[in-house]
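Working notes, beginning with the structure itself.
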Amino acid sequence: MSVFKITFYGGAQMPTGSNFLVEFGGKKVLIDCGLVQGEKYSIPMNRESFKYDTSSVDMLFVTHGHLDHVGRIPVLVKAGFKGIIASTEPTREIAELIMLDSMGVLGKEAMHTGEPPLYEEKDVLQAIHLWSIALEYEKPFIFKTKDEDAIVTFHDSGHILGGAIIEISYKGEKIAFTGDLGNTPSPLMKDTTELKDIDYLVMESVYGDRNHKDKDKRIEIFKEAVVSTINKGGTVLIPAFSIERTQEILLAFNELVESKQIPEVPVYLDSPLGINITRVYKKYESWFNENVKEIIKSGDDIFAFKGLVQTLSPDESRGIASDSRPKVIIAGSGMSNGGRILFHEAKYLPDPNSTIIIVGYQSVNTLGRRIVDGAKEVMIHNMPVKVNARLVNIHGFSAHKDSDNLVAFVSSIAKSLKKVFIVLGEPKSSFFLGQRLHEEYGLDIVIPERGDAVELG
Ligand SMILES: [Zn+2]
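Okay, here's the thing in structure tokens:
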């Protein structure tokens, strides 16, 4: 008899749609239930029915609040899941905002296609109702099975606020799911916790084949891009993910503006979700790293500075277009596949004096990816838009470990590991990382396909 059975229902040979089923001791546990992210939320893969009996799943553990890890939870609930959902407290708050925010996009998509939306508000509210357990890092959670108790432990992944690596220990075997691993040292978060004595690792690989070469210089590159654009009288566009990236960019502006390294210009945070998530971040200041806690202790509001304008309402957002001064606009979505950034891109991408700064991973089939790939013309709201603005792509702001740091992360458990499953990456990233881990540590590597199941122990 095996100890664990894992089935890779999502996030296998793709970076998004995280969803793994773990069976042990007569119990069924899910790790994450995320959306596959592409051009639209309601792409066919997100509409497929679940390949397991959702009503028989006992618990869902959530690594962190990103949409590709939580966005399909309301669909799961709609499909009969009645178990308990558990995560850290900030993850629950972030996930609630993220799931409710996605309703707007889903409603619009449904209007266009005539199909029913992927889920409705009542499904989100039911998911929040089932989300009844808050876990803390390094505080073991006892999970009853038909025989021995299992122990579930959350470790700090250092990825975004509340992010966790989930470790399950049962019958002397330990399996860990990394979720997404943070780009330690992060400007805001603590370092990723070093794991110990793990037998099986299910590991992310978004940047498995690349390094963030510009990480040490990211602020320099950022500053130069902003200053030179302002000097030309242009507009700086920053498509930013609402979680973590927006707060890191605000933190960077806070430092650069207050130390007078960049001139005081209007910096619009044109993202209701970004504004709301920033409020959650402010609530959990004790989760930040020591450096940031010191700055807060000195009396500085790390997410506020002279020139910052938060535009919550659509009217305020539209008002930005009539501001002809040099300025900065931070808006979602982070991959330009929806949201307010599109209106600003339609206006400023044709302007050679303006600059678009890319600060995050851009999935295939997104507008952001086409811009990064050097398209000279793109379609926005069904209209052709010339891309004359300067493109500055800064990898160092990534919230993910790069290839070298993913390899380094495994070193503390390389001796105890019996198998590593590489997931949550485009195939070339996963295979490249697998090759590196095999060469570095002689590890047994598996790169599962969607739907593959394995028995362990
Ligand atoms: Zn993530």
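Residue numbers (my numbering): 850 to 1306.
We treat Cβ as the ideally placed atom computed from N, Cα and C, and that holds for glycine.
Does the beta-carbon of residue 1079, which I'm using as the reference point, lie nearer than 7 Å to any heavy atom of ligand 1? No, the Cβ of residue 1079 stays beyond 7 Å of every heavy atom of ligand 1.
So the alpha helix (DSSP H) residue 1143 belongs to, where does it begin and stop? The continuous alpha helix (DSSP H) containing residue 1143 extends over residues 1139 to 1146.
Here's the rule I'm using: 16 or more other beta-carbon atoms within 10 Å means buried, otherwise exposed. How should residue 867 be labelled? A residue is called buried once 16 or more other Cβ atoms fall within 10 Å of its Cβ, and residue 867 is buried on that count.
Since residue 1114 and residue 1087 should fall inside the 8 Å C-beta cutoff, what is the C-beta to C-beta distance between them, to a whole number of angstroms? Not confirmed; about 13 Å, so no contact.
Run the proximity test for residue 1029: is its beta-carbon closer than 7 Å to any non-hydrogen atom belonging to ligand 1? Yes, the Cβ of residue 1029 comes within 7 Å of a heavy atom of ligand 1.
Roughly how many angstroms lie between the CA atoms of residue 1054 and residue 1171, to the nearest whole one? Going from the Cα of residue 1054 to the Cα of residue 1171 covers about 43 Å.
Select from 1289, 1132, 926, 1214 the residue whose C-alpha is nearest the C-alpha of residue 1257. Nearest to residue 1257 by C-alpha distance, out of 1289, 1132, 926, 1214, is 1289.
Is it true that the segment 940 to 949 meets the segment 974 to 987, where meeting means three or more beta-carbon pairs spaced less than 8 Å apart? Judged by Cβ distances under 8 Å, the segment 940 to 949 makes contact with the segment 974 to 987, as three or more pairs qualify.
Per DSSP, which one or two residues make a beta bridge with residue 1088? Bridge partners of residue 1088: 1180.
Between which two residues does the alpha helix (DSSP H) harbouring residue 1220 extend? Per DSSP, residue 1220 is one residue of the alpha helix (DSSP H) stretching across 1216 to 1221.
Would the beta-carbon of residue 1051 fall within 8 Å of that of residue 1272? Yes, the pair counts as a contact, with Cβ atoms nearer than the cut-off.
Would you tell me roughly how many angstroms separate the C-alpha atoms of residue 1011 and residue 1017, rounded to the nearest one? Note on geometry: alpha-carbon atoms of residue 1011 and residue 1017 lie some 18 Å from one another.
Hey, is the segment 910 to 920 in contact with the segment 852 to 871, meaning 3+ C-beta pairs nearer than 8 Å? Touching, per the Cβ criterion.
Please go through the same chain and pick out, in chain order, the residues whose beta-carbon is closer than 6 Å to the beta-carbon of residue 934, but skip the five residues on each side of it. Within the same chain, Cβ atoms closer than 6 Å to the Cβ of residue 934 are found at 909, 979, 980, the five residues on either side in sequence being excluded.
Sort 857, 932, 881, 1126 by Cα distance to residue 900 and report the nearest one. Per the Cα distances, 857.
Straight-line gap, residue 1094 to residue 1059 (C-alpha atoms, nearest Å): Straight-line Cα distance between these residues: approximately 20 Å.
Please name the residue or residues paired with residue 1013 in a DSSP beta bridge. Answer by DSSP bridge pairing, in chain order: 1005.
Is it true that the CB of residue 861 sits closer than 8 Å to the CB of residue 1219? Against a cut-off of 8 Å, the Cβ pair of residue 861 and residue 1219 comes out as no contact.
Hey, would you say residue 1039 sits closer than 8 Å to residue 1138, going by beta carbons? Yes. Within cutoff.
Cα-Cα separation between residue 904 and residue 911, rounded to whole angstroms: Residue 904 and residue 911: Cα-Cα distance of roughly 18 Å.
Excluding the 5 residues preceding and the 5 following residue 955 in the sequence, name in chain order all residues of the same chain whose CB lies nearer than 8 Å to its CB. Closer than 8 Å at the Cβ level, and outside the excluded window around residue 955, lie 890, 891, 966, 967, 968.
Measure the alpha-carbon distance for residue 983 versus residue 1002 and round it to whole angstroms. Rounded to the nearest whole angstrom, the C-alpha separation of residue 983 and residue 1002 is 12 Å.
The beta strand (DSSP E) spanning residue 1271 covers which residue range? Unbroken beta strand (DSSP E) run through residue 1271: 1268 to 1271.
Under 7 Å from any heavy atom of ligand 1, does the C-beta of residue 918 make it? Yes, Cβ of residue 918 sits closer than 7 Å to a heavy atom of ligand 1.
So does the segment 1134 to 1152 actually touch the segment 1182 to 1197, counting three or more Cβ pairs closer than 8 Å? Too few Cβ pairs lie closer than 8 Å, so no.
Check whether the Cβ atoms of residue 1009 and residue 914 sit closer than 8 Å, and answer yes or no. Going by beta carbons, residue 1009 and residue 914 fall inside the 8 Å limit.
Given that a residue counts as buried once 16 or more other Cβ atoms are within 10 Å of its Cβ, and exposed if not, what is residue 1082? So residue 1082 ends up on the exposed side.
Who are residue 1228's beta bridge partners in DSSP? Here residue 1228 is bridged, per DSSP, to 1233.
Compute every distance between the C-beta of residue 1244 and the non-hydrogen atoms of ligand 1, then say whether any falls below 7 Å. No, the Cβ of residue 1244 stays beyond 7 Å of every heavy atom of ligand 1.
Which word fits residue 1027, buried or exposed, when buried means at least 16 other C-beta atoms lie within 10 angstroms of its C-beta? Classification for residue 1027: buried.
Looking only at its own chain, which residues have a Cβ that is under 7 Å from the Cβ of residue 1208, when we skip the five neighbours before and after it? If the five residues before and after residue 1208 are omitted, its C-beta is found closer than 7 Å to the C-beta atoms of 1087, 1089, 1094, 1098, 1243, 1246, all from its own chain and listed in chain order.
For residue 895, name the three-state secondary structure that DSSP assigns. Assigned with DSSP and collapsed to three states, residue 895 falls in helix.
For the alpha helix (DSSP H) containing residue 926, list its first residue and its last residue. Looking at the DSSP string, the run of the alpha helix (DSSP H) that includes residue 926 is 922 to 927.
Just list the residues that DSSP pairs residue 986 with in beta bridges. Beta-bridge partners of residue 986 (DSSP): 1003.
Of the choices 1223, 1177, 1159, 874, whose alpha-carbon is the least far from that of residue 998? Nearest to residue 998 by C-alpha distance, out of 1223, 1177, 1159, 874, is 874.
Given residue 1116 as reference, the closest of 1175, 1062, 1066 once Cα atoms are compared: Among 1175, 1062, 1066, the Cα nearest to that of residue 1116 is on 1175.
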